[in-house]
Ligand code: AMP
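In my numbering, the protein residues as written are 11 to 616.
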């Protein structure tokens with residue numbers, strides 16, 4: 011099976027990660043960077059660029075460069091304008107029936123997102139040196155069904171099966187291993203390029219529940235860049251008499267300079283900004299922006315972050331002092347003014363050390379690791395912790411779903427009647443790792459009645475297990491001949507606790523050898539009984555046919571030996587005797603066939 015990777019399909023940047031030796035690691039793109047700008051460009055020579063190159067050429071090709079497509083997922087189409095309006099309006103309508111037309115070809119937000127995912131997939135394959143076909147993809151917690159479906163569709167177009175969509179705040183918490191730490195109440199503060207999302211999560215029974223989400227889908231780093239761009243345009247106009255707002259090209263360039271200056275001010279008190287000579291009419295034009303000036307120009311934006319955060323806490327019924335952790339996501343949370351606000355509201359120092367640009371992708375990789383079955387300590391989150399099955403002939407445990415199978419899942423197996431003309435089948439649903447039904451835990455029992463009376467082994471009873479994402483188990487038994495069915499439901503409340511699971515596993519490991527021997531004995535017994543029935547049948551047919559007498563005699567003796575061995579109960583003896591009987595029956599069958607063929611030719615001759 012190929013490895014599942016984690017993908018943060020972001021508004022501004024996208025990131026891929028995978029599990030390496032039990033830890034999540036970033037998958038760098040072909041350019042060697044962790045972040046791939048979520049930008050697609052359509053060059054005039056029909057080529058298509060995705061990522062850094064697309065972003066870099068945007069200044070020269072602003073009208074054919076698509077930014078922030080994620081905002082389009084799953085929304086109603088806006089009025090489409092022409093040129094720049096199309097490109098900027100696209101930012102607010104990801105997943106809609108909104109269409110972007112370039113060179114006479116229409117592209118939906120799903121198409122554009124698929125192009126970004128295609129690059130992530132191709133780069134991951136190149137880096138990992140193997141095929142990548144499955145991914146855990148993150149989505150904002152507030153994404154509706156349409157937006158989630160659009161995300162899945164985009165992945166499918168890119169040749170990726172989405173094995174799970176995970177909410178971004180949950181992924182961020184998983185990256186910090188907060189599920190293991192048992193921190194109960196977590197606030198995830200996610201300020202990215204285009205959006206602000208704040209989520210309050212509660213951890214219970216190994217699962218994160220999103221208690222409340224709030225935010226502003228029109229507030230993010232882009233808005234800070236715009237303010238910075240205005241500041242810079244004003245300074246360049248004043249000090250150098252250069253108008254940078256005149257053309258789409260210079261406006262795009264101004265935005266790039268603004269973003270770089272903003273990033274620089276996260277670590278430095280001031281940022282010098284130099285204009286490329288082409289825009290400064292050959293002169294070296296430079297201005298300087300201080301952090302103070304930037305904070306003053308964006309104070310109202312930062313202020314707008316407070317109300318949604320307080321609303322999310324209020325909706326979740328949580329007082330800020332009850333918070334255990336605050337996790338920061340998104341490059342904009344590196345801005346000192348934003349961090350100050352987080353501290354002021356929550357009274358907590360933001361948690362940890364993981365790069366806020368990478369934390370969501372790393373968490374998606376952790377989830378991918380869980381689903382691939384490699385991560386044991388978080389098995390309770392999304393895989394079935396113990397095998398599920400039913401009791402079969404001889405008191406054996408017939409597994410239908412193996413432990414550590416990712417949920418939701420459904421699987422079925424065919425069972426048959428153990429006795430001739432049986433009209434009722436009792437279904438005993440079990441969970442555990444032991445070979446004998448009696449050694450495992452009973453989840454429930456039910457009877458399927460009115461099955462068609464038939465000789466032993468002829469009935470076809472399908473037992474289907476279905477576990478939903480919440481761990482609820484449905485068991486459905488159906489008589490395929492009559493379509494009569496019975497269903498039971500096992501609630502997660504009835505599911506074993508972690509200690510019980512660990513005890514069950516330890517016990518099954520300790521008894522592995524003796525359990526296996528016991529299963530082999532029982533299976534040998536069942537096989538022997540089936541052979542005896544076949545022997546009775548064949549000996550009946552053989553009686554009176556002289557030419558097969560010797561073979562019939564030998565089979566008779568072998569059958570008696572099997573009966574004796576069965577009475578003795580020794581598995582090995584049963585196996586040896588059964589093998590002998592099997593050989594005798596084969597010989598008898600061949601002799602019977604020969605006799606029948608001979609009779610047929612006699613008949614024709616006569
Ligand atoms: P995201 O959508 O999470 O990728 O966040 C991207 C946003 O974070 C963009 O607006 C970036 O300009 C911004 N950003 C990235 N790094 C920094 C930084 N060091 N300081 C300030 N903003 C940053």
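In this text, a Cβ means the ideal position worked out from N, Cα and C, and glycines have one as well. Since the model is a prediction, treat every value here as computed from it, not as a measurement.
- For residue 246, the number of other beta carbons within 10 angstroms of its own is at least 16, and it is reported as buried.
- Between the alpha carbons of residue 127 and residue 43 lies a distance of about 16 Å.
- The three-state reading of DSSP puts residue 137 in helix, counting H, G and I together.
- Taking the Cα positions, residue 421 is about 20 Å away from residue 457.
- With respect to residue 203, residue 231 sits close: the two C-beta atoms are nearer than 7 Å.
- DSSP, read as helix, strand or coil, puts residue 28 in strand.
- Distance check between residue 158 and each of 304, 250, 140 and 178 places 178 closest, using alpha-carbon atoms only.
- Distance from the CA atom of residue 207 to the CA atom of residue 474, rounded to whole angstroms, is 41 Å.
- In the displayed model, residue 574 falls within a helix according to three-state DSSP.
- Residue 469 sits in coil when the DSSP states are folded into three classes, being neither helix nor strand.
- Collapsing the DSSP output to three states places residue 603 in a helix.
- With respect to residue 440, residue 413 sits apart: the two C-beta atoms are not nearer than 7 Å.
- For residue 454 and residue 435, the gap between their C-alpha atoms comes out near 14 Å.
- Shortest gap from the CB of residue 39 to any heavy atom of the ligand AMP: 6 Å or more.
- Here residue 375 is buried. Its C-beta has 16 or more other C-beta atoms within 10 Å.
- Scanning 138, 467 and 54 for the CA closest to the CA of residue 114 turns up 54.
- Per DSSP, residue 228 lies in no beta strand (DSSP E) segment and is marked neither H nor E.
- A residue is called buried when at least 16 other Cβ atoms come within 10 angstroms of its Cβ; residue 459 does not meet this threshold and is exposed.
- With contacts defined by Cβ atoms closer than 7 Å, residue 218 and residue 211 form a contacting pair.
- Secondary-structure assignment with DSSP links residue 408 through a beta bridge to 400.
- One thing to note: residue 570 has its Cβ no nearer than 7 Å to the Cβ of residue 591.
- Here the C-alpha atom of residue 565 lies approximately 56 Å from the C-alpha atom of residue 140.
- In this structure, residue 443 sits away from residue 513, with a CB-CB distance that is not shorter than 7 Å.
- DSSP places residue 353 inside the alpha helix (DSSP H), whose first and last residues are 346-356.
- Shortest gap from the CB of residue 62 to any heavy atom of the ligand AMP: 6 Å or more.
- In the DSSP annotation of this structure, the continuous segment of the alpha helix (DSSP H) that includes residue 309 starts and ends at 301-313.
- Secondary structure of residue 496 (DSSP, three-state): strand.
- By the beta-carbon neighbour count (other beta carbons within 10 angstroms, threshold 16), residue 556 is exposed.
- Excluding residues up to 5 positions away in sequence, 454, 456 and 485 lie with their Cβ nearer than 6 Å to the Cβ of residue 498 in the same chain.
- Under the DSSP assignment, residue 157 falls in the alpha helix (DSSP H) whose first and last residues are 155-167.
- DSSP links residue 207 through a beta bridge to 200 and 225.
- Straight-line spacing of the CA atoms in residue 254 and residue 315 works out to 30 Å.
- For residue 250, no pairing in a beta bridge is given by DSSP.
- Rounded to the nearest angstrom, the gap between the Cα atoms of residue 476 and residue 424 is 15 Å.
- Contact check for residue 18 against residue 370 passes: the beta carbons are separated by less than 7 Å.
- Annotation: the continuous alpha helix (DSSP H) that includes residue 522 extends over 522-552.
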